[in-house]
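First comes the structure, then the notes that go with it.
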Amino acid sequence: MISFFRNLRKKFLSQNHFSKYLLYAIGEIALVMVGILLALQVNNWNESKRERHREVSLLKELKLNLETNIENLEKDIAIQQKGSNYINRMIDIIDHKEPYTDSVPIFITRGSYVPDVILTASAFETLKSSGLELIESDTLRQRVIELFEVTYPYLMQETRRLEDQLWPAVVIPLMQKHFRTVNNMYVPVDYQALIHDQEFLNMWTFRGALRVSSTLRKRESAEETGRVITLIEKELAKKP
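Just so you know, we're using my numbering here: the sequence shown kicks off at 540 and counts up by one.
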């Protein structure tokens, strides 16, 4: 093909057919440009295809991360609901000045436990390093960003802030005052002093309120995580 065009060009030049040669030259340039454009289009198509494969892979990984987060949050919620029950039971005991039973150390110990917030974000960090614009859907991209950069940080910050502020200044002094540790259980030193200490009751009641608030935030975060998973599933269903 190249030799054909070369011979044709020589023929036009040797016969002094300048106008024909000019048309030929323009055609040859146009042909080259079309070839370049086709090559660019194929390259862009291949690059787009690679990006879509990359997007699908990361969305699947992100979905797995979010499913893990829901599992962790639901476990925390279950633990905290039980903790709230222990706290409320101990409040009733103090309010009614009930006699001591072996259940008191259980209520105090389990009511005191607050699980740490553990959330997985490896896929989101990979997305950020790869470029969040890799997610084609504007709606999905925005919801993912809000979940990881607003909802989750707020949950962790508020949960830690409230507990951290209360723990060293109020909780520790009162726990040290009224309890000793036996086999990892809080056992009252003087039970009568404990149930008549209004400051301890106030602290214990406030911790119960914090537990309810923290549980509510975790439930809201779990629900929002579930909604984002639904968006991811819809987006993946559109992909080839």
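C-beta atoms are modelled at their ideal positions from N, C-alpha and C, and glycine is treated no differently.
Checklist entry - Can at least three beta-carbon pairs, one atom from the stretch 643-652 and one from the stretch 681-695, be found at a separation below 8 Å? => result no
Next on the checklist: Using the Cβ count rule (16 or more neighbours within 10 Å means buried), how would you classify V689?
Outcome noted: Numbered from its first residue, the sequence shown carries residue 689 at position 150. Flag for V689 reads exposed.
Next on the checklist: Using CA atoms only, rank isn't needed, just tell me which of L694, T720, V710 is closest to F745.
Outcome noted: Here residue 745 refers to the residue found at position 206 when the sequence shown is read from its first residue. Nearest C-alpha to F745: V710.
Next on the checklist: Tell me the DSSP secondary structure of V728 in three-state form.
Outcome noted: In the sequence shown, counting from the first residue as 1, residue 728 sits at position 189. V728: coil per DSSP, three-state reduction.
Next on the checklist: Can you look up V751 in the DSSP assignment and give me helix, strand or coil?
Outcome noted: Translated into positions along the sequence shown, residue 751 becomes position 212. In this structure, V751 counts as helix in the three-state DSSP scheme.
Checklist entry - With C-beta atoms as the reference, is L770 less than 7 Å away from L666? => result Working through the sequence shown from its first residue, we reach residue 770 at position 231. Working through the sequence shown from its first residue, we reach residue 666 at position 127. No.
Item to check | 6 Å CB neighbourhood of Y639 in its chain, flanking five on each side removed | outcome: Position 100 of the sequence shown, counted from the first residue, corresponds to residue 639. Within the same chain, Y639 has close Cβ partners Y730.
Checklist entry - Which residue or residues does DSSP assign as beta-bridge partners of F718? => result Translated into positions along the sequence shown, residue 718 becomes position 179. Paired residues: P727.
Checklist entry - Helix, strand or coil: how does DSSP classify A708 here? => result Position 169 of the sequence shown holds residue 708. A708 falls in the helix class under three-state DSSP.
Item to check | Straight-line Cα distance separating L733 from N604 | outcome: Residue mapping note: residue 604 aligns to position 65 of the sequence shown, counting from 1. Residue mapping note: residue 733 aligns to position 194 of the sequence shown, counting from 1. Answer to the nearest angstrom: the Cα atoms are 45 Å apart.
Checklist entry - Start and end of the alpha helix (DSSP H) containing L666? => result The sequence position of residue 666 within the sequence shown is 127, counting from 1. Residues 661-669.
Next on the checklist: What would DSSP say about Y652, mapped onto helix, strand or coil?
Outcome noted: For this step, residue 652 is matched to residue 113 along the sequence shown. Note: Y652 maps to coil in three-state DSSP.
Checklist entry - Under three-state DSSP, which class holds V658? => result One-based indexing of the sequence shown puts residue 658 at position 119. As written in the sequence, residue 658 is Leu, which differs from the Val given in the question. Coil, per DSSP.
Next on the checklist: Please classify H717 as buried or exposed, where buried requires at least 16 other C-beta atoms within 10 Å of its C-beta.
Outcome noted: Sequence index remark: in the sequence shown, residue 717 carries index 178 (1-based). Buried, since its Cβ has 16 or more Cβ neighbours within 10 Å.
Item to check | Beta-carbon spacing of S623, R766 below 7 Å | outcome: The sequence position of residue 623 within the sequence shown is 84, counting from 1. The sequence position of residue 766 within the sequence shown is 227, counting from 1. Not closer than 7 Å, so no.
Checklist entry - Going by other Cβ atoms of all chains shown within 10 Å of its Cβ, with 16 needed for buried, is V656 buried or exposed? => result As a working mapping, residue 656 is identified with position 117 in the sequence shown. The residue in question, V656, is buried, as its Cβ has 16 or more Cβ neighbours within 10 Å.
Next on the checklist: Buried or exposed for R589, going by 16 or more other Cβ atoms inside 10 Å?
Outcome noted: Position 50 of the sequence shown, counted from the first residue, corresponds to residue 589. Classification of R589: exposed, given that the 10 Å Cβ count is below 16.
Checklist entry - What first and last residue would you give for the alpha helix (DSSP H) that runs through D677? => result Within the sequence shown, the letter at position 138 stands for residue 677. Run containing D677: 677-685, per the alpha helix (DSSP H) assignment.
Item to check | Straight-line gap, E738 to S752 (C-alpha atoms, nearest Å) | outcome: Position 199 of the sequence shown, counted from the start, is the residue given in the question as residue 738. Position 213 of the sequence shown, counted from the start, is the residue given in the question as residue 752. Taking the straight line joining both Cα atoms gives about 21 Å.
Checklist entry - Which value, in whole angstroms, describes the spacing of the CA atoms of Y693 and S760? => result Counted from its first residue, the sequence shown places residue 693 at position 154. Counted from its first residue, the sequence shown places residue 760 at position 221. If I take the Cα positions, the gap works out to 10 Å.
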